[in-house]
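Q: Take this structure, written in structure tokens, and hold onto it; I'll ask about it next.
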Amino acid sequence: MKYCTVGDWRLSRIGLGCYGLSGAYGIVDKAAFARTLRAAIEQGVNFFDTAEGYGDAETFLGQVLAPVRDRVYIATKLSGTGGQPDLSSGAVRSACQASLRRLGTEMIDLYQIHFDDPHTPVLETVAALDDLVKEGLIRRYGVSHLPVERVLAYAESGTLFSILMELSSVARGALDTLLPICEQHNLAAIAFSVTGRGILSGHFESGHHFAEGDIRRMDPLFKRECFDAAVRVREHLAKLGEAYGATAVQMGIAWVLAQPQVACALTGTSSPAHLAENLAASEIDLAQEHLDTLNAFLAQEDSRLADAQRVTVRQILEGPLVTDLEAAFNDLVYVMETAVSLGMAEEGVVMATFLELFSLRGALDENARRQMQGIQQYLRGMLIGD
Ligand SMILES: NC(=O)c1ccc[n+]([C@@H]2O[C@H](COP(=O)([O-])OP(=O)(O)OC[C@H]3O[C@@H](n4cnc5c(N)ncnc54)[C@H](OP(=O)(O)O)[C@@H]3O)[C@@H](O)[C@H]2O)c1
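Quick look at the structure:
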């Protein structure tokens with residue numbers, strides 16, 4: 046394992062996250078996850094990420110890490126319930142105290158804001174976090190994937206350590222948005238979903254049936270032209286990997302680690318075998334000529350994908366919603382995520398509609414269809430102007 050120095054921290058270049066313990070990647074095998082966590086420690090991983098919103102992951106992680114607590118960094122997140130945290134001063138403090146209890150530790154190394162609270166001023170939240178640092182309850186704090194303008198507001202107001210961002214060779218939006226903020230404000234970038242939620246492994250065919258509750262059932266990355274583009278990227282990485290004796294997953298992680306601001310790449314595997322594959326990527330030094338070729342290929346893919354996505358957004362918004370209600374729901378998720386990633390709409394503007402759509406998720410019935418038709422009409426007006 047290679048390490049990097051950020052201030053007085055020496056972080057393993059690859060960290061392990063516990064999102065999978067929430068069931069986000071299907072059925073949870075806790076025994077396998079515990080084995081993976083222990084294997085990670087043995088192989089030199091010293092950065093572990095969780096969140097109050099990942100089911101009982103904080104408690105689980107705290108118990109597994111207890112014997113090595115003084116050798117590892119624990120990062121957790123203030124998530125709120127239903128993805129809408131209260132970032133007011135009192136709420137930040139009580140959430141932190143609850144996380145400390147669940148983790149069974151006296152100090153959180155990195156406390157991250159998971160989601161935005163547009164109703165609380167950034168300065169109030171930052172003051173609350175600074176107080177927690179002074180009191181020794183947290184060592185550092187950072188932000189996760191908030192709307193970019195809010196990330197910037199935090200970067201300008203507080204003493205942030207890091208920005209947690211989705212970044213992989215198949216999800217490259219952060220290259221133009223969050224990585225420049227890291228560079229400008231001297232913040233550590235912590236990348237997540239660096240294997241593209243497993244897509245780079247080639248284990249999934251187009252239209253793969255994911256288990257109930259698996260977020261990849263609605264993840265745009267696994268849909269339509271995004272999936273096809275990911276397959277092309279995987280094939281390119283696999284070919285390039287021949288020169289290094291490396292798999293596409295390993296080459297993908299090496300590409301993430303080659304981004305100058307990235308301190309740590311987080312994977313969330315629950316399998317010791319996949320972990321071993323992923324960790325080996327920290328040893329790959331991509332030659333500059335290969336990096337250049339790969340970046341040129343990815344830039345071409347960016348414009349090819351964007352063109353296809355614009356056509357799809359139009360088709361989804363102009364036609365009738367498809368009959369299958371889950372597929373209709375997924376189509377609207379696809380439209381909103383694409384609109385944000387292509388700069389057709391600001392994330393902050395789309396967020397309210399996103400939350401409205403998500404409130405329907407538990408009961409996709411005829412009433413939900415009517416509401417989804419309303420959302421479709423609203424998005425058509427906003428994105429196409431019809
Ligand atoms: N801030 C946020 O909102 C946010 C969002 C997402 C993630 N995160 C954090 O970042 C961590 C990492 O993200 P992630 O969990 O999405 O990472 P990831 O490793 O890209 O995705 C995990 C998924 O990919 C599969 N996978 C990983 N490596 C594989 C391999 N070599 N071969 C086949 N399948 C493989 C895993 O299946 P197996 O278990 O079968 O290996 C699992 O289903 C999370 O756990 C969480 O701590 C934060």
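The working numbering puts the first residue of the sequence shown at 46, with every later residue one more than the last. Here a beta-carbon is modelled for each residue, glycine too, at the ideal position from N, C-alpha and C.
(1) Put Ala216 into one of helix, strand or coil per three-state DSSP.
(2) Taking a contact to mean a Cβ-Cβ separation below 7 Å, would you say Leu311 touches Met296 in this structure?
(3) Once DSSP output is grouped into helix, strand and coil, what is the label at Gln354?
(4) Which residue from Arg114, Asp259, Leu377 and Ala172 puts its Cα closest to that of Ala136?
(5) May I ask which residues mark the beginning and end of the alpha helix (DSSP H) holding Ser134?
(6) Ligand 1 and Thr104: does any heavy atom of the ligand fall closer than 6 Å to the residue's C-beta?
(7) State the beta-bridge partners of Cys309 as determined by DSSP.
(8) Suppose you measure from the CA of Ala84 to the CA of Pro317; what does that come to, to the nearest Å?
(9) Closer than 7 Å by C-beta to Asp115: which residues in its own chain qualify, once you throw out the five before and the five after it? Chain order, please.
(10) Under the rule that 16 or more other beta-carbon atoms within 10 Å means buried, what is Ile183, buried or exposed?
(11) Are at least three pairs of beta-carbons, each pair with one atom in the region 223-231 and one in the region 330-344, less than 8 Å apart?
(12) Please work out which residues of its chain come closer than 7 Å, Cβ to Cβ, to Tyr64, disregarding the five sequence neighbours upstream and downstream, and give them in chain order.
(13) Decide yes or no for the touch test of the region 321-337 against the region 364-380: beta carbon pairs closer than 8 Å, at least 3 of them.
(14) Given this structure, state the Cα-to-Cα distance separating Leu266 from Thr165, to the nearest angstrom.
(15) Let me know the secondary structure DSSP gives Met210 once reduced to three states.
(16) Please report how far the alpha carbon of Arg277 lies from the alpha carbon of Arg138, in whole angstroms.
A: So, from the data block:
(1) Working through the sequence shown from its first residue, we reach residue 216 at position 171. Ala216 falls in the strand class under three-state DSSP.
(2) Residue 311 sits at position 266 when you count from the first residue of the sequence shown. Residue 296 sits at position 251 when you count from the first residue of the sequence shown. It is not a contact, given that the beta carbons lie outside the stated cut-off.
(3) Locating residue 354 in the sequence shown gives position 309, where the first residue counts as 1. DSSP places Gln354 in helix when its eight states are reduced to three.
(4) Translated into the one-based positions of the sequence shown, residue 136 becomes position 91. Relative to Ala136, the option among Arg114, Asp259, Leu377 and Ala172 whose CA is nearest is Ala172.
(5) Stepping through the sequence shown from its first residue, residue 134 is reached at position 89. Segment Ser134 to Leu148, the alpha helix (DSSP H) holding Ser134.
(6) The count along the sequence shown starts at 1 and reaches residue 104 at position 59. Checking every heavy atom of ligand 1 against the Cβ of Thr104, none is found closer than 6 Å.
(7) Translated into the one-based positions of the sequence shown, residue 309 becomes position 264. For Cys309, which the question treats as bridged, DSSP gives the partners Ile235.
(8) Residue mapping note: residue 84 aligns to position 39 of the sequence shown, counting from 1. Residue mapping note: residue 317 aligns to position 272 of the sequence shown, counting from 1. The straight-line gap from Cα to Cα measures roughly 7 Å.
(9) Start at 1 with the first residue of the sequence shown, and residue 115 comes out as number 70. Cβ within range, chain order: n/a, list empty.
(10) Residue 183 sits at position 138 when you count from the first residue of the sequence shown. The residue is buried, with at least 16 neighbouring Cβ atoms inside 10 Å.
(11) Short answer: they don't touch.
(12) On the sequence shown, position 19 is the one that residue 64 refers to. Excluding positions up to five away in sequence, the list reads Tyr99 and Gly313.
(13) A contact is defined here as three or more CB-CB pairs under 8 Å, and the region 321-337 fails this definition with respect to the region 364-380.
(14) As a working note, residue 266 is residue 221 in the sequence shown. As a working note, residue 165 is residue 120 in the sequence shown. If I take the Cα positions, the gap works out to 32 Å.
(15) Residue mapping note: residue 210 aligns to position 165 of the sequence shown, counting from 1. Strand at Met210.
(16) Position 232 of the sequence shown, counted from the first residue, corresponds to residue 277. Position 93 of the sequence shown, counted from the first residue, corresponds to residue 138. Distance between the alpha carbons of Arg277 and Arg138 is about 46 Å.
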